[in-house]
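First comes the structure, then the notes that go with it.
Chains as they are written, first to last, in full-length UniProt numbering: chain A, 1 to 258; chain B, 1 to 309.
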């Protein structure tokens with residue numbers, strides 16, 4: 001029994017998970033004030049609210065040491081599933097059990113364009129739950145990794161002055177600075193120039209070694225093949241296939257007509 | 001695609017697990033996994049919030065700085081905005097409407113400016129609270145932190161904004177002959193209590209605003225009614241002298257009026273006991289504790305639901 005547990009320790013268990021988004025004011029096609037008023041006056045089950053059933057009954061068990069790719073066409077529920085695993089989106093039905101706190105690789109939302117890169121590094125680090133000392137310790141690494149200062153002293157300028165590539169690089173560098181138990185990466189590899197992409201792939205491999213389990217969402221089959229040993233294929237919010245990378249990717253490529 | 005076909009696919013291709021046969025719940029229990037996104041206990045929640053204190057402070061200061069970073073005069077607006085605000089109210093209520101009702105100019109102008117600033121502190125905390133969750137869904141859906149960090153951080157931002165306004169307020173008070181004395185020390189407890197009250201109110205509004213974002217449209221009217229009823233630009237006991245006593249009592253005991261009166265009492269020499277309701281400090285403390293604790297528990301109760309929809 002004990003040996004078995006050592007071999008396969010579950011880190012994430014999704015049990016018949018359903019996620020439903022509610023969108024206000026999109027029930028009928030008409031967006032006029034009178035239409036909104038009539039929606040309020042009409043007593044329905046939930047007035048003026050349209051439901052989007054993004055994930056429908058997904059179940060799987062992820063184990064320590066696995067790197068799991070999530071594939072599927074646009075809008076198939078991949079990012080929603082990641083957010084639900086991280087506990088950021090409440091489940092409509094079903095449950096997600098996790099070992100420790102899964103974290104999503106993404107601090108974009110905490111950063112402010114009007115602040116300098118320097119302050120954003122600190123703010124982003126604090127938002128991810130790092131202590132001030134940790135941030136001070138890693139500050140130089142983050143800046144060096146992003147390569148922001150290669151073309152002059154940009155880190156002391158507001159982020160709104162950065163090119164979109166530079167901003168994306170800084171965001172990834174901040175996000176990747178923390179160690180995680182269960183790490184989830186949502187299309188982060190697509191940012192920056194070739195040189196930076198290479199550097200970030202290396203960093204993700206490093207993070208994978210430290211993290212228990214890695215989830216990766218990507219439309220790039222090559223990067224899934226390079227980094228993952230298991231693949232979940234989602235289509236219309238349902239789990240269509242779950243298995244070793246090569247097997248699932250072969251079916252997926254057949255499906256997408258490549 | 002029906003449920004049965006997808007179940008079949010999964011069953012065929014999923015790698016066989018040694019724990020097979022166990023239900024998900026039993027498997028989770030066996031390996032000590034916990035439900036993701038579950039609400040922590042109240043004590044645990046307070047501890048998590050304490051761990052995030054640096055983030056709360058940094059976030060409030062970042063918001064404050066970002067506010068004026070595109071303006072040419074930059075952070076000077078932190079002081080210029082309240083100053084202009086006070087000038088507008090003085091022009092309308094002091095010169096045009098003559099709402100001073102027998103108060104001398106030396107008393108009325110600091111009275112008015114204090115009222116405007118202190119009420120604005122509560123008003124902007126409420127407005128920021130309404131949008132604290134609903135306006136930051138991106139942040140709520142991307143990162144893990146106790147959600148109460150957001151409304152608390154916004155209330156803190158308003159406190160820092162008020163401290164800039166206090167510079168203007170001190171200048172006005174001194175300009176009209178009210179020099180610093182021992183009673184100015186009372187400003188500190190008055191502000192602390194009002195901040196607790198505001199934070200509690202912001203927490204309540206944050207939960208309400210997360211469920212009903214329409215509140216952001218409605219609240220300006222509620223706040224304006226509250227402002228006119230609280231005696232920001234007139235003295236309640238003087239204005240309602242010929243009305244039944246209970247009316248003045250109700251208005252004077254409302255938290256906004258209490259905190260304004262305390263600040264005026266501290267700053268303005270002639271604004272003494274007779275303008276204040278009885279047990280004013282007890283009322284100020286009571287409102288602060290009631291709203292801070294009540295608001296915190298009320299917000300925590302919905303912790304796992306923020307970010308939906």
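No residue lacks a Cβ here, since even glycine has one placed at the ideal position from N, Cα and C.
Item                                                                                                                                                                                               : Value
Can you have a look at residue 282 of chain B and say buried or exposed, based on whether 16 or more other CB atoms are within 10 angstroms of its CB?                                             : exposed
On the CB-based measure, 16 or more other CB atoms within 10 Å of its CB, does residue 194 of chain B come out buried or exposed?                                                                  : buried
Strictly below 7 Å CB to CB, what residues from chain A border residue 154 of chain B?                                                                                                             : What residue 154 of chain B touches in chain A: nothing, since even the nearest Cβ is about 14 Å away.
Can you tell me which of the three DSSP states residue 123 of chain B falls into?                                                                                                                  : helix
Please confirm if residue 83 of chain A has its CB atom under 7 Å from at least one CB of chain B.                                                                                                 : yes
With H, G and I counted as helix, E and B as strand and the rest as coil, what does DSSP make of residue 193 of chain B?                                                                           : helix
Kindly list the residues whose CB is nearer than 7 Å to the CB of residue 92 of chain A, restricted to its own chain and excluding five residues on each side of it in sequence; keep chain order. : 18, 19 and 20
Please list the residues of the stretch 111 to 142 of chain B that have a C-beta atom closer than 9 Å to any C-beta atom in chain A, keeping them in chain order.                                  : 136, 137, 138, 139, 140, 141 and 142
Could you compute how far the alpha carbon of residue 53 of chain A sits from the alpha carbon of residue 182 of chain A?                                                                          : 26 Å
Using 10 angstroms around the beta-carbon of residue 247 of chain B, count the other beta-carbons present and answer buried if the total reaches 16, otherwise exposed.                            : exposed
Can you confirm whether residue 105 of chain A, when its beta carbon is compared against all beta carbons of chain B, has any partner nearer than 7 Å?                                             : no
To be precise: take each residue of the stretch 118 to 145 of chain A, compare its Cβ to all Cβ atoms of chain B, and keep it if any distance is under 8 Å. Which residues remain?                 : 119, 122, 123, 126, 127, 128, 129, 131 and 132
Would you tell me roughly how many angstroms separate the C-alpha atoms of residue 75 of chain B and residue 177 of chain A, rounded to the nearest one?                                           : 32 Å
Mind reading off the beta-carbon distance from residue 245 of chain A to residue 224 of chain A? Whole number of angstroms is fine, and I expect it under 8 Å.                                     : 7 Å
Take residue 63 of chain B and list the residues in its own chain whose beta-carbon comes closer than 8 Å to its own, dropping the five residues that flank it on each side.                       : 153, 154 and 157
Do the stretch 117 to 124 of chain A and the stretch 77 to 97 of chain A meet, that is, are 3 or more Cβ pairs less than 8 Å apart?                                                                : no
If contacts are defined as beta-carbon pairs under 8 Å, then residue 307 of chain B and residue 102 of chain A qualify, I think. What distance do you get, rounded to the angstrom?                : Contact doesn't hold; Cβ gap of about 15 Å is too wide.
Could you check how far apart the C-beta atoms of residue 217 of chain A and residue 79 of chain A are, in whole angstroms? I think they sit under 8 Å.                                            : 6 Å
Taking all protein chains shown into account, do 16 or more other C-beta atoms lie within 10 angstroms of the C-beta of residue 242 of chain A, making it buried, or fewer, making it exposed?     : buried
Got a sec, what are the start and stop residues for the alpha helix (DSSP H) residue 249 of chain B sits in?                                                                                       : 245 to 253
Please confirm whether residue 216 of chain B and residue 130 of chain B have their CB atoms less than 7 Å apart.                                                                                  : yes
Who are residue 178 of chain A's beta bridge partners in DSSP?                                                                                                                                     : Residue 178 of chain A is not bridged to any residue.
Report yes or no: do the stretch 94 to 105 of chain B and the stretch 165 to 172 of chain B share at least 3 C-beta pairs separated by less than 8 Å?                                              : no
Can you pull the chain A residues whose beta carbon is under 9 Å from the beta carbon of residue 304 of chain B, in chain order?                                                                   : 87 and 90
Per DSSP, which one or two residues make a beta bridge with residue 97 of chain A?                                                                                                                 : A:13 and B:35
Looking at the structure shown, is residue 219 of chain A part of a helix, part of a strand, or coil, going by DSSP?                                                                               : coil
Against chain A, which members of the stretch 208 to 233 of chain B pass a CB distance test of less than 8 Å?                                                                                      : 213
Figure out for me which residue from B:183, B:128, B:185 and B:45 has the closest Cα to the Cα of residue 161 of chain B.                                                                          : B:128
Using 8 Å as the threshold, is the stretch 288 to 305 of chain B in touch with the stretch 183 to 203 of chain B, meaning 3 or more CB pairs across them?                                          : yes
Classify residue 16 of chain A as buried or exposed, calling it buried when 16 or more other Cβ atoms lie within 10 Å of its own Cβ.                                                               : exposed
Give a yes or no on contact between the stretch 98 to 111 of chain B and the stretch 231 to 238 of chain B, applying the rule of three or more CB pairs nearer than 8 Å.                           : yes
Between the Cα of residue 88 of chain A and the Cα atoms of B:79, B:250 and B:139, which residue gives the shortest distance?                                                                      : B:139
Compare the C-beta of residue 46 of chain B against all C-beta atoms of chain A and say whether one is closer than 7 Å.                                                                            : no
Residue 112 of chain A versus chain B: which residues are under 7 Å apart at the beta carbon?                                                                                                      : 62 and 66
Can you tell me the Cα-Cα spacing of residue 239 of chain B and residue 174 of chain A, whole angstroms?                                                                                           : 58 Å
Do the stretch 254 to 268 of chain B and the stretch 170 to 189 of chain B make contact, defined as three or more Cβ pairs closer than 8 Å?                                                        : yes
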